[in-house]
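A.B. asks: Its first residue numbered 64, the sequence shown is counted upward by one per residue in the working numbering. All residues carry an ideal CB built from backbone N, CA and C; glycine is no exception.
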Amino acid sequence: MTRPQEPAQTDPDRPPRGRRAALLCARAATGILAAGIVLGVGELVSVAVAPNSSPFFAVGATTVDRAPAWAREFAIDTFATNDKPALFAGLVLVIVVLAAVAGVAERPLRPVGSAMLLAGGAVGLYAALTRPEATAAWAAPTVVGVAAGIGALRLMQKALAPKTLAPKTPAPKTPAPKTPATRGLPSAALAHTATSAEQPGERQGVSRRRFFAVSGSVAAVAAAAWAGGRALGAHLRDVIAERAHFRIPAVADRAAPIPPGTDIDVPGSTPFITPNPRFYRIDTALQVPAVSTHDWRLRIHGMVGRERTLDWGDLTARTPIERIVTLTCVSNEVGGSLAGNATWIGCPMRDLIAELDVDPESDMLLSTSADGFTVGTPVAALTDGRDAMLAIAMNGAPLPLEHGYPVRQVVPGLYGFVSATKWVVDWEFTRFDRAQAYWTRRGWGAKAPIKTASRIDVPDAFATVGPGRVRVAGTAWAQHRGIAAVEVRVDEGPWHRATLAEEYSIDTWRQWFWDWDVTAADAGSATLQVRATDGDGVVQTPERTPPIPGGATGWQSIVVTVRG
Ligand SMILES: Nc1nc2c(c(=O)[nH]1)N[C@H]1C(S)=C(S)[C@@H](COP(=O)(O)O)O[C@H]1N2
Ligand SMILES: [Mo]
64 MTRPQEPAQT DPDRPPRGRR AALLCARAAT GILAAGIVLG VGELVSVAVA
114 PNSSPFFAVG ATTVDRAPAW AREFAIDTFA TNDKPALFAG LVLVIVVLAA
164 VAGVAERPLR PVGSAMLLAG GAVGLYAALT RPEATAAWAA PTVVGVAAGI
214 GALRLMQKAL APKTLAPKTP APKTPAPKTP ATRGLPSAAL AHTATSAEQP
264 GERQGVSRRR FFAVSGSVAA VAAAAWAGGR ALGAHLRDVI AERAHFRIPA
314 VADRAAPIPP GTDIDVPGST PFITPNPRFY RIDTALQVPA VSTHDWRLRI
364 HGMVGRERTL DWGDLTARTP IERIVTLTCV SNEVGGSLAG NATWIGCPMR
414 DLIAELDVDP ESDMLLSTSA DGFTVGTPVA ALTDGRDAML AIAMNGAPLP
464 LEHGYPVRQV VPGLYGFVSA TKWVVDWEFT RFDRAQAYWT RRGWGAKAPI
514 KTASRIDVPD AFATVGPGRV RVAGTAWAQH RGIAAVEVRV DEGPWHRATL
564 AEEYSIDTWR QWFWDWDVTA ADAGSATLQV RATDGDGVVQ TPERTPPIPG
614 GATGWQSIVV TVRG
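#1: Could you give the C-beta distance for W635 and Q603, rounded to a whole number, given that I count them as a contact under 8 Å?
#2: Using the Cα positions of T633 and L154, report the straight-line distance between them to the nearest angstrom.
#3: Inspect the beta-carbon positions of P114 and G105 and report whether they are closer than 8 Å.
#4: What does a CB cutoff of less than 6 Å around R90 pick up in its chain, not counting 5 residues either side in sequence?
#5: Quick check for students: name the residue ranges of the alpha helix (DSSP H) that lie wholly in the region 393 to 431, counting only runs of 4 or more.
#6: On the three-state DSSP scale, how would you describe Q592?
#7: Specify the secondary structure class of R607 as computed by DSSP and reduced to three states.
#8: Given 7 Å as the limit, tell me if I345 has its C-beta closer than that to any heavy atom belonging to ligand 2.
#9: Could you check how far apart the C-beta atoms of T391 and I513 are, in whole angstroms? I think they sit under 8 Å.
#10: Between V549 and A589, how many whole angstroms is the CB-CB distance? I'm expecting something under 8 Å.
#11: Tell me whether Q619 sits in a helix, a strand or coil according to DSSP, three-state version.
#12: Could you tell me whether the Cβ atoms of N404 and T337 are closer together than 8 Å?
#13: Which first and last residues belong to the alpha helix (DSSP H) in which I158 is found?
#14: Within 10 angstroms of its Cβ, does R80 collect 16 or more other Cβ (buried), or is it exposed?
#15: With 16 as the cutoff for other CB atoms within 10 Å, does D426 come out buried or exposed?
#16: Going by DSSP in three states, A315 sits in which element: helix, strand or coil?
#17: Would the C-beta of S432 count as close to ligand 1, meaning under 7 Å from any of its heavy atoms?
#18: Cα-Cα, which of L96, L453 and L172 is closest to V160?
#19: Distance, Cα to Cα, P235 vs V101?
#20: In terms of alpha-carbon separation, which member of L415, V281, V474 and S400 lies closest to T406?
#21: To the nearest angstrom, report how far apart R369 and D420 are at their CA atoms.
#22: Assess contact between the region 303 to 315 and the region 380 to 387, defined as three or more Cβ pairs (one per stretch) separated by less than 8 Å. Is contact present?
#23: Return yes when at least one heavy atom of ligand 2 lies under 7 Å from the C-beta of S394, else no.
#24: Just mark I139 as buried or exposed, buried being the case when its beta carbon has 16 or more other beta carbons within 10 Å.
#25: Would A524 pass as an interface residue toward chain C - the criterion being a Cβ-Cβ separation below 8 Å?
#26: At a threshold of 7 Å, does Y501 count as lining ligand 2 (C-beta to nearest heavy atom)?
#27: List the DSSP bridge partners of Q574.
As C-alpha cells, then:
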C-alpha cells in the first residue's frame, strides 16, 4: 500500500515537510530567545535595584523557600550540594520548554506567545515582590525584562513573516537562500528570492538571512545583558557578603544611655530611634555604590600640611565614639518625614583633622563619595567640639549599603547635603570662595544649618477624632541647639504648651504631646498647628518658605474632623 500523498505535494501553498520543521524550529527559537531577553535584561536592570531582584533569581529563591519538605529532601538526597545548580538547571529547562511553545504559538493577530511572556512575567513579579527584602523597585527588572522580551519576540516573528518585497532593479546580486524557512507561501517563492522578472507585489518570501541577522542580534543582546548584569552585580554581592561578616568594634566612649521618658510611646508617633529599614534615604546614586572595606581609602589633600591616605586599618585603629544624632534632609517639607535618628559609631573627625595641619585659611572640607557626589562642610563645624564623625555603624549594625557602607560622615546640626557624605572616599580642604559642592552648583545653599522644625505625628491629617481627650503628639528638632518648648493651638486660638519628652541631647529630636479635651463646641472641623522654640529661645518662624535653598520654614497645620 502506498502512503497517502503529502498534502504539500498537491497543495502548491504548502511547503515541504523539511521546511515546515525548519520553520517550527525557527518559531520555537524566537520564543526561547525572547525569554533569554527577559532574563538577560532583567539581570542587567537588577544591578540598579538589588542583587537577586531579577525574575530568574527571585523565582529561584521563592522556589527554594516555598518548596514542600519532600521536594527539598528529594533535591538534597539526589543532588547533595549541587541542589542549587540542579534547581537552576530545572528552572532553565522549564523556561526553555514554555518559551519554545510561546514562540510557536505567537501570531501577529493572536499574540499567544506574548501573552505567555506576560504570564511568566507575572510569576516573576510575584516572586520578586514577595521576597522579604523587596521594595517596589523590585518590580523593575521583571517589568523592563518582559517589555524587552515581547519587543524582541515581535521583531523576530516579523522577520519570519512572509514579506512582500518591493521590486528591485537591477536584480539582487546575492543568490537566493536555498531553504528559506517560511510557511503558507507559494512554494515557488520559497526556492528563491524574487527576480526582477516577477510582478511587483508577487515577490513574496522569507529571508533566512534576515531572520538569522535579527535572531542572532537578539541572542547577542540577551547574552551580553546577562553576562554584563552578572559581572556588574558580582562586586555588589561580594560587598554584601563582606558586610554580613563585619564586626563592629568595641567602643569605650559609648553614647549616653537613653533615659526613660525619651520615648513617649504614643501609638503612631515617631519612635526616638529610627530602625534602619525605616530610616529615610536620599542620594543621587542610581546604583548603590559597592565599596568593600578592603578597597576603601580616604585620600586627604588640599590645604593641609600633611596629605595622607587612610585605609580601613588606619580608620579602625583610631579610637571610635558612639553617639546618637538626628539627620535631616534639606528637602524635607514642613511636616515631612525626611529626618531620622540613629546611634552611630565612628571615628571622631576633630582628632583626625587636628593631625593634618590644616591651613587656617581653609574654611571648607569638600568631601567626595565613591560615586562622585560632593559635599562642602564648614571646617568650623567639624572642629568646634560637636560629635562630627566618620561613621561605620548605624543602630548596632554595619552601615547599610544604601546609608553609606563602609564609611559615611555624620555631622550634628547640618543638613545632609552639606555634611552627611555617604561612601566617602576623598577629603579636600579648600575654601567656600573656591569650590562648590554638588547641590550648591544646582542652586542650593553653601552652608545650611538645620532649621527648627516641629511635626504632628498623631492624629493623622484629616483623621476623625474625639469626643473626649485626644492626645496630639509628634517630634521636633533643632539639632545642635536643642528644643526648649513646643506649643500647639486649635483654630488659631491660644497656644498651649506641650509636654516635652526627656531631652536626650541637643543633637537629637525631641518628642512631645499635648492632651486636647475636645468638647461639643469643637465639633466639626478643626485646624491644629504646632511650633517649637529652640534651645537659644528662638521661636520657629511662621513664614512659609520652600526647601530650596536652605530648608523649609513655617508652622505645620493639619485639619481634623472632630466628633463633639
Ligand atoms: N554619596 C552621597 N552622599 C549623600 C547624598 C548623596 O546623594 N550621595 N545625599 C545627602 C543628603 S541630601 C542627605 S539628606 C543624606 C541622607 O542620608 P541617608 O540616606 O542615610 O538618610 O545623605 C547625604 N549624603
Ligand atoms: Mo538631603
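C.D. replies: Taking the structure as given:
#1: This structure does not reach residue 635, given that the chain is present from 64 up to 627, and the question cannot be answered.
#2: The requested residue 633 is not part of the displayed model; the chain covers only 64 to 627.
#3: no
#4: G166 and V167
#5: Whole alpha helix (DSSP H) segments, 4+ residues: 412 to 417.
#6: Strand at Q592.
#7: coil
#8: yes
#9: Contact between T391 and I513 holds, with the beta-carbon distance rounding to 5 Å and staying under 8 Å.
#10: Not confirmed; about 18 Å, so no contact.
#11: strand
#12: yes
#13: Annotation for I158: the continuous alpha helix (DSSP H) segment containing it runs D146 to A168.
#14: exposed
#15: buried
#16: Looking at A315 - three-state DSSP - the assignment turns out to be coil, as it is neither helix nor strand.
#17: yes
#18: L96
#19: Annotation note: pLDDT 48 at P235 (below 50); position unreliable, coordinate value reported separately. Taking the straight line from one Cα to the other gives about 37 Å.
#20: V474
#21: 6 Å
#22: yes
#23: yes
#24: It counts as exposed.
#25: Although the question refers to chain C, the structure presented lacks it and comprises just one protein chain.
#26: Y501 Cβ: outside cutoff for every heavy atom of ligand 2.
#27: T538
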